[in-house]
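Working notes, beginning with the structure itself.
There are 2 protein chains.
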Amino acid sequence: MAKRAKKTANPRKTPEQDRSRATVEAIVEAAAHILVKYGYDAFTTNRVAERAGVSIGSLYQYFPNKDALLSELMRRHVAQIERGVEEMAALARTAPLAEVIRTGIQENVRSHLIDPELHRVLSEEVPRLGSLDWKVAFVARMEDRVRGMLEARRSETAIADTGLAAYIVTRTVEAVVHNAMREQPKALASGALADELTRMLLGFLTGKVSAAARRHSAAAE
Amino acid sequence: MAKRAKKTANPRKTPEQDRSRATVEAIVEAAAHILVKYGYDAFTTNRVAERAGVSIGSLYQYFPNKDALLSELMRRHVAQIERGVEEMAALARTAPLAEVIRTGIQENVRSHLIDPELHRVLSEEVPRLGSLDWKVAFVARMEDRVRGMLEARRSETAIADTGLAAYIVTRTVEAVVHNAMREQPKALASGALADELTRMLLGFLTGKVSAAARRHSAAAE
DNA sequence: GTATAACATGAGCAATAGCTCAGATTGACC
DNA sequence: GGTCAATCTGAGCTATTGCTCATGTTATAC
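Just so you know, the sequences run in chain order A and B.
Going by my numbering, the first sequence opens with residue 199, and the numbers climb by one from there.
Going by my numbering, the second sequence opens with residue 199, and the numbers climb by one from there.
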């Protein structure tokens with residue numbers, strides 16, 4: 199490994215002609231391809247450039263260092279995820295709590311399905327860039343939203359510490375769904391996992407047990 | 199980075215004299231120290247040897263490669279964790295469900311307190327060794343125990359799919375506690391987080407809302 | 001005291017990775 | 001068709017790291 203350049207590098211040239219824009223696209227696509235198919239160990243700038251059909255020099259004309267390329271990948275991935283979140287936020291104001299929870303979980307599932315393997319590599323294999331990696335920041339924003347919702351719905355819920363409850367709910371959804379992608383693909387696909395999760399969280403937040411969430415399981419006794 | 203040796207390496211010499219046993223200890227301690235204090239990037243065999251006050255050649259006399267040294271660190275850490283789990287398993291057969299859940303959570307907290315920083319580095323920074331890393335294996339064993347308990351307590355619970363419920367419960371506890379170590383140290387230390395988690399899981403498993411878990415919160419309305 | 005095995009040493013090899021730079025090529029505009 | 005900037009090229013520099021091996025030192029057995 200050569201010396202790692204300073205973390206916050208000066209931005210490089212911005213592409214102006216179509217030719218160079220195509221180069222940048224090729225590099226980003228190649229980067230994703232290498233990460234997904236061969237993992238972070240194989241993710242070297244030389245290899246990315248080769249796969250992109252571009253010289254290593256070109257890569258460094260648009261990305262000041264390796265981390266900048268990774269950041270761009272993350273930025274694009276997060277942008278795709280965020281798109282769907284806004285719609286959900288609107289729903290959250292009117293719909294019944296059970297539905298809000300259900301939708302939140304489905305939204306989380308959807309975000310894992312955009313590019314599952316890239317998502318996994320970015321959050322598990324890639325070393326943390328700085329102290330705030332992209333996922334931490336994203337989950338923190340979700341936590342804020344959830345807390346706001348809980349506060350707006352105080353009458354429906356049985357929660358004293360909304361901050362703590364929001365924390366537990368967001369980490370739970372994220373962790374269970376994220377791991378289930380690999381470990382419980384069937385329960386995820388069938389909706390059984392989302393059903394159970396919804397039931398758990400609804401009970402937690404309302405202090406009541408509801409049958410509303412049982413959209414799926416025909417099992418029960 | 200030099201070529202990475204084959205993954206499963208032939209075992210090296212086992213120390214026979216006190217002198218060499220001390221060498222091995224010094225190496226392992228130095229390894230943990232470097233990992234905890236400077237992170238995985240600084241974890242090079244040369245640096246570990248230097249910190250241990252031992253030549254690089256000695257290190258390779260007892261550890262066939264870098265991964266073997268990491269494995270030994272993990273092995274020791276897991277051994278410390280496992281010790282407390284057995285006691286809990288005994289309790290799980292007789293105690294009320296609420297208490298079993300509470301104890302399980304506390305046990306998980308304890309496992310994160312043995313060497314918090316080492317725990318974090320081993321599970322977040324260190325690249326996965328093989329497809330089964332130590333923590334996945336550990337959590338999988340916990341999942342088995344929980345499922346067994348749920349099946350033995352069918353009368354107390356309202357769970358159709360014990361496998362799915364055990365899955366959700368174990369990932370939830372592990373993820374929430376693990377993240378809370380950094381993100382919610384106060385709520386963890388006060389017990390408030392454990393209270394809320396217990397309430398959530400108990401409600402989930404029994405289908406009833408219990409006040410039993412409210413050992414801590416004097417807040418509630 | 002000597003032979004043998006256990007143990008320790010550290011210079012340096014081989015591989016590899018991030019990144020630079022001097023120069024070639026291409027395109028836009030007149 | 002000439003000019004200048006944008007773009008592209010890739011050999012190779014610099015640095016680092018995992019690990020070996022020839023050689024030296026210490027303990028044990030007799």
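By construction, the Cβ of each residue, glycine as well, lies at the ideal position given by its N, Cα and C atoms.
For R351/B, three-class secondary structure by DSSP
The residue labelled residue 351/B in the question sits at position 153 within the second sequence. DSSP places R351/B in coil when its eight states are reduced to three.
Looking at the structure shown, is L311/B part of a helix, part of a strand, or coil, going by DSSP?
The count along the second sequence starts at 1 and reaches residue 311/B at position 113. It is helical.
Between E305/A and V283/A, which are expected to be in contact by the criterion C-beta below 8 angstroms, what is the C-beta distance as a whole number of angstroms?
One-based indexing of the first sequence puts residue 305/A at position 107. One-based indexing of the first sequence puts residue 283/A at position 85. Indeed they touch by this definition, with Cβ atoms about 6 angstroms apart.
When DSSP labels each residue in this structure, what does A293/A get in the three-state scheme?
Walking along the first sequence from the start, residue 293/A turns up at place 95. Three-state DSSP puts A293/A in coil, outside helix and strand.
Kindly say whether E315/B, judged by its beta-carbon, lies nearer than 8 angstroms to any beta-carbon of chain A.
Residue numbering aside, residue 315/B sits at position 117 when the second sequence is read from its first letter. Judged by the 8 angstroms Cβ criterion, E315/B is not in contact with chain A.
Distance CB(T430/A)-CB(L403/A) smaller than 8 angstroms:
Since the first residue shown for chain A is 199 and the last is 419, residue 430/A is missing from the structure and cannot be characterised.
Whose C-beta lies closer than 6 angstroms to the C-beta of M286/A among residues of the same chain, with five residues either side of it excluded?
Residue mapping note: residue 286/A aligns to position 88 of the first sequence, counting from 1. Closer than 6 angstroms at the Cβ level, and outside the excluded window around M286/A, lie T301, E305.
Alpha-carbon to alpha-carbon, A378/A and N377/B
Locating residue 377/B in the second sequence gives position 179, counting from the first residue. Locating residue 378/A in the first sequence gives position 180, counting from the first residue. Going from the Cα of N377/B to the Cα of A378/A covers about 18 angstroms.
Output the boundary residues of the alpha helix (DSSP H) element that contains G402/B.
In the second sequence, counting from the first residue as 1, residue 402/B sits at position 204. The question names Gly, yet the displayed sequence has Phe at residue 402/B. Looking at the DSSP string, the run of the alpha helix (DSSP H) that includes F402/B is 390-404.
Element boundaries [alpha helix (DSSP H), containing L362/A]:
Mapped onto the first sequence, residue 362/A falls at position 164. Per DSSP, L362/A belongs to the alpha helix (DSSP H) from 360-381.
Please report the straight-line C-alpha distance between K205/B and V252/B, rounded to a whole angstrom.
Against the second sequence, residue 205/B aligns to sequence position 7. Against the second sequence, residue 252/B aligns to sequence position 54. Note on K205/B: pLDDT 45, under 50, position unreliable in the model; no value is reported.
Strictly below 7 angstroms CB to CB, what residues from chain A border Y365/B?
As a first step, residue 365/B is located in the second sequence; it is residue number 167 there, counting from the start. Those are Q382, listed as they occur along chain A.
Please classify I312/A as buried or exposed, where buried requires at least 16 other C-beta atoms within 10 Å of its C-beta.
For the purposes of this step, residue 312/A is taken as the residue at position 114 of the first sequence. Exposed is the call here.
Evaluate S388/B with the Cβ neighbour count: other Cβ atoms within 10 Å of its Cβ, from every protein chain shown; 16 or more gives buried, anything less gives exposed.
Residue mapping note: residue 388/B aligns to position 190 of the second sequence, counting from 1. With fewer than 16 other Cβ atoms within 10 Å, it is exposed.
Taking a contact to mean a Cβ-Cβ separation below 8 angstroms, would you say T396/A touches I279/A in this structure?
Looking up residue 396/A in the first sequence gives position 198. Looking up residue 279/A in the first sequence gives position 81. No, the Cβ-Cβ distance between T396/A and I279/A is not below 8 angstroms.
Let me make sure I understand the geometry here. Which of Q215/B, A296/B, L400/B, D239/B has the alpha-carbon closest to that of V319/B?
As a working mapping, residue 319/B is identified with position 121 in the second sequence. V319/B has its Cα closest to that of D239/B, out of Q215/B, A296/B, L400/B, D239/B.
Locate the alpha helix (DSSP H) running through G237/B, then write down its first and last residues.
Start at 1 with the first residue of the second sequence, and residue 237/B comes out as number 39. In the DSSP assignment, G237/B falls outside any alpha helix (DSSP H), carrying neither H nor E.
T370/A burial status per 10 Å Cβ neighbour count (16 or more: buried):
Here residue 370/A is taken as the residue at index 172 of the first sequence, counted from 1. Buried.
Whole angstroms is fine: what's the gap from V246/A's alpha carbon to L257/A's?
Locating residue 246/A in the first sequence gives position 48, counting from the first residue. Locating residue 257/A in the first sequence gives position 59, counting from the first residue. If I take the Cα positions, the gap works out to 9 angstroms.
Exposure label - Y365/A; buried when at least 16 CB within 10 Å:
As a first step, residue 365/A is located in the first sequence; it is residue number 167 there, counting from the start. When all chains shown are included, Y365/A counts as buried.
Who are the near neighbours of L268/A in its chain, counting only those whose CB is closer than 7 angstroms to its CB and skipping five residues on each side?
Numbered from 1 along the first sequence, position 70 holds the residue referred to as residue 268/A. Same-chain partners within the cutoff: V324, L327.
In chain A, which residues lie with their C-beta within 7 angstroms of the C-beta of K406/B?
Taking the second sequence and counting its residues from 1, the one referred to as residue 406/B is at position 208. Here the neighbours are V407.
Buried or exposed: Y236/A, going by 16 or more other Cβ atoms within 10 Å of its Cβ?
As a working note, residue 236/A is residue 38 in the first sequence. Under this definition Y236/A is an exposed residue.
Report the residue from A293/B, V234/B, A229/B whose alpha carbon sits nearest the alpha carbon of D265/B.
Residue numbering aside, residue 265/B sits at position 67 when the second sequence is read from its first letter. Ranking the options by Cα distance to D265/B, first place goes to A229/B.
Counting only beta-carbon atoms, is R397/A nearer than 8 angstroms to chain B?
Within the first sequence, the letter at position 199 stands for residue 397/A. Chain B contact via Cβ: present.
Backbone secondary structure at T306/B - three-state DSSP:
The residue given as residue 306/B occupies position 108 in the second sequence. Correcting the residue type first, residue 306/B is Asn in the shown sequence and not Thr. N306/B: helix per DSSP, three-state reduction.
Whose C-alpha, out of A385/A, D331/A, A363/A, L348/A, is nearest the C-alpha of E270/A?
Sequence index remark: in the first sequence, residue 270/A carries index 72 (1-based). Of the candidates A385/A, D331/A, A363/A, L348/A, the residue whose Cα lies closest to the Cα of E270/A is D331/A.
Residue range of the unbroken alpha helix (DSSP H) whose run includes I254/A
On the first sequence, position 56 is the one that residue 254/A refers to. Start and end: 254-260.
Establish whether the CB of V369/A and some CB of chain B are separated by less than 8 angstroms.
As a first step, residue 369/A is located in the first sequence; it is residue number 171 there, counting from the start. At residue 369/A the sequence reads Arg, which differs from the Val that was named. R369/A counts as touching chain B.
Please list, in chain order, the chain A residues whose beta carbon lies closer than 7 angstroms to that of F241/B.
In the second sequence, residue 241/B corresponds to position 43, counting from 1. Under the 7 angstroms cutoff, chain A gives no residues; its nearest Cβ is about 12 angstroms from F241/B.
Can you list the residues of chain B that A385/A reaches, using a CB-CB cut of under 7 angstroms?
Locating residue 385/A in the first sequence gives position 187, counting from the first residue. Going along chain B in sequence order, the residues near A385/A (Cβ under 7 angstroms) are L362.
Using only alpha-carbon positions, find the residue among T242/B, A250/B, G361/B, I232/B that is nearest to T221/B.
Mapped onto the second sequence, residue 221/B falls at position 23. Closest by alpha carbon: A250/B.
Would you report the Cα separation of R380/A and E372/A, rounded to the nearest angstrom?
Residue 380/A sits at position 182 when you count from the first residue of the first sequence. Residue 372/A sits at position 174 when you count from the first residue of the first sequence. Roughly 13 angstroms between the two C-alpha positions.
Taking buried to mean at least 16 other C-beta atoms within 10 Å of its own C-beta, is D360/A buried or exposed?
In the first sequence, residue 360/A corresponds to position 162, counting from 1. Here residue 360/A is Thr; the residue named in the question, Asp, does not match the sequence. Counting Cβ neighbours within 10 Å, T360/A comes out buried, since at least 16 surround it.
Compute the distance between the beta-carbons of I232/A and Y260/A, then report whether it is under 8 angstroms.
As a position in the first sequence, residue 232/A is number 34, starting the count at 1. As a position in the first sequence, residue 260/A is number 62, starting the count at 1. The Cβ atoms of I232/A and Y260/A do not sit closer than 8 angstroms to each other.
Closest residue to M347/B among T292/B, V375/B, H317/B, P383/B (Cα-Cα distance):
In the second sequence, residue 347/B corresponds to position 149, counting from 1. Nearest C-alpha to M347/B: T292/B.
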